[in-house]
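Peer 1: In UniProt numbering, the protein residues as written are 1 to 31.
By construction, the Cβ of each residue, glycine as well, lies at the ideal position given by its N, Cα and C atoms.
Please read these numbers as outputs of a predicted model, since none were measured by experiment.
What follows is a structure written as structure tokens; I'll ask about it next.
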Amino acid sequence: SISRREVGETLGGDARTEQLRRGLSRDRTGH
1 SISRREVGET LGGDARTEQL RRGLSRDRTG H
């Protein structure tokens, strides 16, 4: 079984990755 904490960390990690990707793309495009 997966604990709520592990689930939250996994989802949180995915969200952070998404934000990092968007931030990098913004820096590249200069917007």
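1) Just list the alpha helix (DSSP H) runs in the UniProt region "Disordered" (1-31), keeping only unbroken ones of 4 residues or longer that don't cross its boundaries, in chain order.
2) Could you give the distance in angstroms between the alpha-carbon of G13 and the alpha-carbon of R26?
3) Going straight from the alpha carbon of L24 to that of L11, what length do you get?
Peer 2: According to the structure data:
1) Segments of the alpha helix (DSSP H) lying fully in the UniProt region "Disordered" (1-31): 4-29.
2) 20 Å
3) 20 Å
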